[in-house]
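Student: Following this message is one structure expressed as structure tokens.
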Amino acid sequence: MSKTKVKKTKGSCLCGEVKYEIAGSLGVFQYCHCSRCRKFTGSAHAANIIVAPDQFKWISGEELLGRFEFPEARHFATSFCTCCGSSLPWKTNSEKAVVIPAGTLDGDPELRPFQNIYYGSRADWYEDASDLIRYDELPLKKKG
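The numbers in full-length UniProt numbering rise by one with no breaks, and the one at position 55 of the sequence shown is 55.
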């Protein structure tokens, strides 16, 4: 019987005090354009990976987690580092999944986003990133 190597990917907050690991098939990677995700991320959409609870574990700093929940929300919650404020993974209210903010990963999960959800409620000002000018670094100011 051959053993399949399980892909493990680590993640952390901005200050590095909170660390976690995900393992196994990562499944869903999506952009969410709902108003709650926009408010929490301060961006046009959240980039979230969904994993099963048994594929997730805290490595350090779990005691530094903050959590915010809407009582009426079926799935949505937020989690963050109480030291630096970074978004962090959170277990859904149903406890059937853990939502991983992809920007908190320290490595490549070897999975790419494949769908946009709540696209109909995207921000009025949203422009697809592929339609915008690209720079590898901060562009220099033009001299007048």
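Each residue gets a CB set at the ideal place from its N, CA and C atoms; glycine is no exception.
1) Kindly indicate which residue of 94, 39, 22 and 7 has the alpha-carbon position closest to the one of residue 122.
2) Consult DSSP for residue 65 and reduce its assignment to one of helix, strand or coil.
3) On the DSSP letters alone, give me the boundaries of the beta strand (DSSP E) that residue 41 sits inside.
4) How many angstroms separate the CA atom of residue 54 from the CA atom of residue 94?
5) Would residue 45 be called buried (16 or more neighbouring beta carbons within 10 Å of its own) or exposed?
6) Go ahead and pull the three-state DSSP assignment for residue 53.
7) In this structure, what does DSSP give as the bridge partners for residue 105?
8) Select from 100, 15 and 124 the residue whose C-alpha is nearest the C-alpha of residue 111.
Tutor: Per the coordinate set shown:
1) 39
2) strand
3) It is not in any beta strand (DSSP E) - residue 41 instead sits in the alpha helix (DSSP H) that spans 35 to 41.
4) 14 Å
5) buried
6) helix
7) 11
8) 100
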